[in-house]
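These notes are about the structure you will find just below.
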Amino acid sequence: MTDEWTFVGRKQKKSFKAKAPQRNLNEAKKNEDSISFVYKQKAVKNQKKNDQIVPMTIAQVNRIKDTMQESSFFDKLQTTLTSNLVFEQSCEEMQLVAYGLGTFCSGPIGNAIYQLACTALLHQYLLQHVKTVHAFVYDPIMTEDDNLVAEAMGLTVMKTNEQGQRQAKTPTLFFMPHCGKKLYQNVLLSNWGRDGLSRITILGNSFQAYDDRVVIAKDRKASIFSALVPYTTEVSLGKCDKTMLEYVQYDAAFNDTSLHIFSVSTLEVANTDGLFTRHVDEFSVGTDEDLV
Numbered sequence: 001m002t003d004e005w006t007f008v009g010r011k012q013k014k015s016f017k018a019k020a021p022q023r024n025l026n027e028a029k030k031n032e033d034s035i036s037f038v039y040k041q042k043a044v045k046n047q048k049k050n051d052q053i054v055p056m057t058i059a060q061v062n063r064i065k066d067t068m069q070e071s072s073f074f075d076k077l078q079t080t081l082t083s084n085l086v087f088e089q090s091c092e093e094m095q096l097v098a099y100g101l102g103t104f105c106s107g108p109i110g111n112a113i114y115q116l117a118c119t120a121l122l123h124q125y126l127l128q129h130v131k132t133v134h135a136f137v138y139d140p141i142m143t144e145d146d147n148l149v150a151e152a153m154g155l156t157v158m159k160t161n162e163q164g165q166r167q168a169k170t171p172t173l174f175f176m177p178h179c180g181k182k183l184y185q186n187v188l189l190s191n192w193g194r195d196g197l198s199r200i201t202i203l204g205n206s207f208q209a210y211d212d213r214v215v216i217a218k219d220r221k222a223s224i225f226s227a228l229v230p231y232t233t234e235v236s237l238g239k240c241d242k243t244m245l246e247y248v249q250y251d252a253a254f255n256d257t258s259l260h261i262f263s264v265s266t267l268e269v270a271n272t273d274g275l276f277t278r279h280v281d282e283f284s285v286g287t288d289e290d291l292v
């Protein structure tokens with residue numbers, strides 16, 4: 001796999017390739033020209049070594065995490081999760097997967113460090129309800145220093161670029177703030193079907209907002225978001241309280257964020273309606289040029 005994610009732009013419009021909906025997308029032929037992802041930032045190369053950057057960043061993340069834990073933003077997030085996630089007593093294991101947070105140690109403090117703090121808090125929250133939570137993080141621009149910071153937060157850094165093609169074998173919460181539409185599509189199609197989607201929940205960009213932006217009939221037919229919205233329970237986190245400390249940073253890091261739940265009952269309806277008989281090649285997210 002490539003080392004970078006690339007947005008699907010005007011010069012790259014290939015659709016997701018798979019022979020059948022049931023097929024593991026990771027098994028696609030190596031000689032197929034798969035779309036990778038361009039992240040908004042590029043990895044910082046040849047940066048001068050600073051032995052203090054990792055401990056300084058860890059301290060900064062911990063400061064933000066402590067403040068965030070007491071914030072109205074995280075209180076609403078916890079309430080939303082508690083009201084909508086079903087923690088079955090028989091479930092003793094689940095996953096938290098954070099994609100596309102960015103780099104924490106390179107450049108000025110930005111969205112990435114706030115999103116990392118939120119990921120660590122999500123991990124803590126899930127551990128209150130599930131005995132074992134495997135928490136993963138990945139972004140192709142993460143450096144060795146970034147990896148050390150993520151690991152200090154109790155997260156496991158993925159060794160390879162999955163390009164969003166992770167099949168959930170256990171209940172999985174995907175945290176994907178401000179990721180590209182192609183990455184969302186890969187996650188959805190890798191878990192396509194009633195059983196697969198029922199195991200995942202996505203905290204990220206609003207699917208309803210994506211659907212609202214599609215006005216041409218043929219584009220709506222090809223949009224995986226338009227196809228799923230009728231069968232998805234979406235709960236928006238809304239806007240951050242403007243009176244909260246560091247409002248500007250929170251708003252930049254978490255605006256347009258919603259929790260997307262795929263319940264067994266609504267997926268049964270989707271199955272009856274024939275949604276899962278559609279071939280994966282029928283879906284195309286178009287471009288990522290309208291990303292927030």
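FYI, in UniProt numbering the residues of the sequence shown are 1 to 292.
Backbone N, C-alpha and C define an ideal beta-carbon position, used for all residues, glycine too.
Just so we're clear, the structure is a prediction, and the values are computed from it rather than from any experiment.
If you count every other CB in all the chains shown that lies within 10 Å of the CB of residue 191, and 16 or more means buried, which is it? Locating residue 191 in the sequence shown gives position 191, counting from the first residue. So residue 191 ends up on the buried side.
Suppose contacts are defined by Cβ-Cβ distances below 8 Å. Is residue 104 in contact with residue 116 by that definition? Taking the first residue of the sequence shown as 1, we reach residue 104 at position 104. Taking the first residue of the sequence shown as 1, we reach residue 116 at position 116. Contact flag set, yes.
Considering just the uninterrupted stretch of the alpha helix (DSSP H) at residue 53, what are its terminal residues? Your numbering for residue 53 matches position 53 in the sequence shown. Its alpha helix (DSSP H) spans residues 53-69.
I'd like the list of long-range same chain contacts for residue 132, defined as Cβ closer than 8 Å, with 5 residues on each side in sequence excluded. In the sequence shown, counting from the first residue as 1, residue 132 sits at position 132. So the list reads 92, 93 and 94, once near-sequence residues are dropped.
For residue 202, tell me which candidate among 285, 85 and 59 has the shortest Cα-Cα distance. By 1-based counting over the sequence shown, the position of residue 202 is 202. Out of 285, 85 and 59, 85 has the C-alpha closest to the C-alpha of residue 202.
Do you know offhand how far residue 215's Cα is from residue 101's? On the sequence shown, residue 215 is found 215 positions in, with the first residue counted as 1. On the sequence shown, residue 101 is found 101 positions in, with the first residue counted as 1. Computed Cα separation, rounded: 30 Å.
Rounded straight-line distance, which links the Cα of residue 70 to that of residue 163: Taking the sequence shown and counting its residues from 1, the one referred to as residue 163 is at position 163. Taking the sequence shown and counting its residues from 1, the one referred to as residue 70 is at position 70. Rounded to whole angstroms, residue 163 to residue 70 spans 34 Å at the Cα level.
Quick one: any contact between the stretch 145-162 and the stretch 195-212, if contact means 3 or more CB pairs under 8 Å? no
Can you look up residue 282 in the DSSP assignment and give me helix, strand or coil? One-based indexing of the sequence shown puts residue 282 at position 282. It is helical.
Alpha carbon to alpha carbon, how far is residue 200 from residue 98? Give it in angstroms, no decimals. Here residue 98 is taken as the residue at index 98 of the sequence shown, counted from 1. Here residue 200 is taken as the residue at index 200 of the sequence shown, counted from 1. If you take the alpha carbons of residue 98 and residue 200, they lie about 13 Å apart.
Keeping to the same chain, check which residues put their C-beta closer than 6 Å to that of residue 31; ignore five residues upstream and five downstream. Working through the sequence shown from its first residue, we reach residue 31 at position 31. In this prediction, residue 31 has a pLDDT of 38, which is less than 50 and means its spatial position is unreliable; what the coordinates show is noted afterwards. Once the five neighbours on either side are set aside, residue 31 has no close Cβ partner at all.
Quick one, which of 282, 276 and 252 has its alpha-carbon nearest residue 220's? For this step, residue 220 is matched to residue 220 along the sequence shown. Checked all of 282, 276 and 252; the closest Cα to residue 220 is 282.
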